[in-house]
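Oh and the sequence shown: position 124 is 124 in the UniProt record's numbering, straight run, nothing missing.
See structure below.
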Amino acid sequence: MPSDAVLVGDEAFPLKPYLMKPYPRRNDLSREQKIYNYRLCRCRRIVENAFGVLTSRFRIFEKPITTSIDKVDVIVKTSCALHNWLRKTSPASYTPPGFIDEECQRSGLRLGTWRQNASGGPFENITSQNNRNSTREAIRIRDNYCHYFNNDGAVPWQDSAIF
């Protein structure tokens, strides 16, 4: 696996060494690039679900938290600990069936019901940062992830997911 730790974003963000985005869809993409885009999108959806569930269950995340960094750190860690505990001890009521997005082989993506109550929270007004000047380093890192997702890091269903 590539050793570079990265964040995942969508087309609205610039490709940076620390921020991966999909290959542009306006180009004819290779099979490998389509798989990379699928895997990146899947990763981003998992992160969206995690933040979406936290926001829908812990209302403090619906707007910017105006307190010290130390207190924000405690709030986030406590919320994550409670989230994990509730998922383990009360899954039927905390995250009932259909609450979290599901990837279905036949019908594609089924959006979770948490989205019905979700506002964008503090991320709602983020504007496009579309800077086309990707560095060679950022392109190299993305290509490394692409290679990994198509070789050692391949998953059995990825080919069927892109066609």
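Note that CB positions come from ideal geometry on N, CA and C, so glycine has one too.
What number of angstroms, rounded off, separates the C-alpha of isoleucine 46 from the C-alpha of leucine 54? 12 Å
So who's on the other strand from residue 217, going by DSSP bridges? Past the boundaries of the shown model lies residue 217; the chain is included only from 1 to 163, so the question cannot be answered.
Once you ignore the five residues that flank arginine 44 on each side, which residues in its own chain have a CB closer than 7 Å to its CB? Val8 and Asp10
Mind listing, in chain order, the continuous beta strand (DSSP E) runs of no fewer than 3 residues lying wholly within the stretch 3 to 46? none
Under the three-state reduction of DSSP, which class applies to proline 91: helix, strand or coil? helix
Does the Cβ-Cβ distance between alanine 138 and leucine 29 come in under 8 Å? no
Is it the case that the Cβ atoms of isoleucine 65 and valine 74 are separated by a distance below 8 Å? no
Does the Cβ of phenylalanine 163 have 16 or more other Cβ atoms within 10 Å, making it buried, or fewer, making it exposed? exposed
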